[in-house]
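Following: one structure in structure tokens, then a few remarks.
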Amino acid sequence: MNLMIENIENKKKEAIHRELDKVRKEGTNFSGKKYYHISLKEIKKIARKLQTRSREIEILALQNGVIPERYHRNLGILSPLEQVKMLQSKVAIIGAGGLGGTVLELLARIGIGKLIIADQDIMVESNLNRQLLSTESNLGQSKIEVAVKRVKKINSSIEIVGYSISVDSDNVKRIIEGAEVVIDALDNLPSRFVLQKACRDLKIPLVHGAIAGFNGQLSTIFPEDKGLELIYGRNKDLPEHGSELELGAPTITPAMIASWEAQEVIKILLKRGKLFRNKLLYFDIEEGMIEILNL
1476 MNLMIENIEN
1486 KKKEAIHREL
1496 DKVRKEGTNF
1506 SGKKYYHISL
1516 KEIKKIARKL
1526 QTRSREIEIL
1536 ALQNGVIPER
1546 YHRNLGILSP
1556 LEQVKMLQSK
1566 VAIIGAGGLG
1576 GTVLELLARI
1586 GIGKLIIADQ
1596 DIMVESNLNR
1606 QLLSTESNLG
1616 QSKIEVAVKR
1626 VKKINSSIEI
1636 VGYSISVDSD
1646 NVKRIIEGAE
1656 VVIDALDNLP
1666 SRFVLQKACR
1676 DLKIPLVHGA
1686 IAGFNGQLST
1696 IFPEDKGLEL
1706 IYGRNKDLPE
1716 HGSELELGAP
1726 TITPAMIASW
1736 EAQEVIKILL
1746 KRGKLFRNKL
1756 LYFDIEEGMI
1766 EILNL
């Protein structure tokens, strides 16, 4: 049975290779080097013809040096095989507000193949100042429904699963199970600690981000790290919210932290660069101050 499945898969790959050879085009990149590329239109055409996923075609193309045009500008920072790794990865984002919505957008555009997003809230007018997913036309709609629709419009090759629920100790493991990295884009401290415990139990790295006014912070926490306890103290001694209720959440701060969070995801997946592990990145953009604190 396994041999039969393997033969079918090999025949499908051979068919995809033949189609790629027919439609690939030669181009010149910004450094003057020649390369082969394929358009989104041609990828979708092959997917329909062979009744397979567009992402599978993109992966096989990249493995054979044919670059999907949508990822052309990723080259230079990502090799074709690193782009394959992005497409084969799964990331969970908990929270779909100012942080989570922007992280979702960035990861969808760079090509993370499988995304999970969870948030129980609906869109309200106070989201419009900073939340990338919010528009005047989607007020009152579920943030998750909006998030899923947006990702499908940005990158139809991506699989996205949305949970319109508040994470708690009973459901969080089911939501994040199978993810290679989890993003903390939550807005309350108890839920952050619940998420951290689940990540520890499932041995998944957690990227923590938080904002308050013009201040933002970020830290990457591996399962064996002390993590949030070193930033906030013990969970049982904490209030539900930090200073963000008093200082507000202006437009720029969440966009900056979300960008850092997305970059940490890429570094974890590719095992390259320096992580903010056992460190806290802290900034005050009004004062133009950035600090990196050892935890």
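Using this note's numbering, read the sequence shown as starting at 1476 and increasing by one per residue.
Where a beta carbon is used, it is the ideal one built from N, C-alpha and C, also for glycine.
Check, Outcome
"Spatial distance of Asn1613 from Ala1622 (CA atoms)", "11 Å"
"Selected residue, minimal CA-CA separation from Ser1631, among Val1657, Glu1580 and Leu1495", "Glu1580"
"Span of the alpha helix (DSSP H) around Gly1575", "Gly1573 to Ile1585"
"Per DSSP, the bridge partner or partners of Ser1554", "Answer by DSSP bridge pairing: none, since Ser1554 is not bridged."
"Own chain partners of Ile1521 with C-beta closer than 6 Å, once the 5 adjacent residues on each side are dropped", "Glu1494 and Ile1532"
"Closest residue to Leu1744 among Ile1491, Gly1588 and Gly1576 (Cα-Cα distance)", "Gly1588"
"Whole-Å CB distance - Lys1500 paired with Tyr1511, under 8 Å assumed", "7 Å"
"For Lys1754: DSSP bridge partner residues", "Asn1769"
"Where the alpha helix (DSSP H) containing Lys1524 begins and where it ends", "Leu1515 to Leu1525"
"For Leu1515 and Glu1544, the rounded distance between their alpha carbons", "7 Å"
"Where Asn1485 sits in the DSSP three-state scheme", "helix"
"Same chain only: Cβ atoms within 6 Å of Ser1694, ignoring 5 sequence neighbours per side", "His1683, Phe1751 and Leu1755"
"Run of the alpha helix (DSSP H) containing Gln1692, from where it starts to where it stops", "It is not in any alpha helix (DSSP H) - Gln1692 instead sits in the beta strand (DSSP E) that spans Asn1690 to Ile1696."
"Val1566 and Leu1582 closer than 8 Å at C-beta", "yes"
"Ile1679 and Ala1654 closer than 8 Å at C-beta", "yes"
"Cβ of Ile1521 within 8 Å of any chain B Cβ", "Here there is only one protein chain, and chain B is not present."
"Own chain, CB closer than 6 Å to Leu1603, minus 5 neighbours either side, in chain order", "Ser1609"
"Local Cβ density within 10 Å of Val1559, reported as buried at 16 or more and exposed below that", "buried"
"C-alpha distance - Lys1628 paired with Ile1767, whole-angstrom precision", "37 Å"
"Where Gln1526 falls, given that 16 or more other Cβ within 10 Å makes a residue buried", "exposed"
"Three-state class that DSSP yields for Leu1537 in the structure shown", "helix"
"Contact under 8 Å by Cβ, Trp1535 with Lys1488", "Contrary to the premise, residue 1535 reads as Leu rather than Trp in this sequence. A contact, by the Cβ cut-off of 8 Å."
"C-alpha distance - Lys1701 paired with Leu1664, whole-angstrom precision", "16 Å"
"CB contact flag (Val1669, Val1636, <8 Å)", "no"
"Rounded separation between Asp1676 and Glu1652 - CA only", "10 Å"
"Assigned exposure category for Val1656 - 16 Cβ within 10 Å defines buried", "buried"
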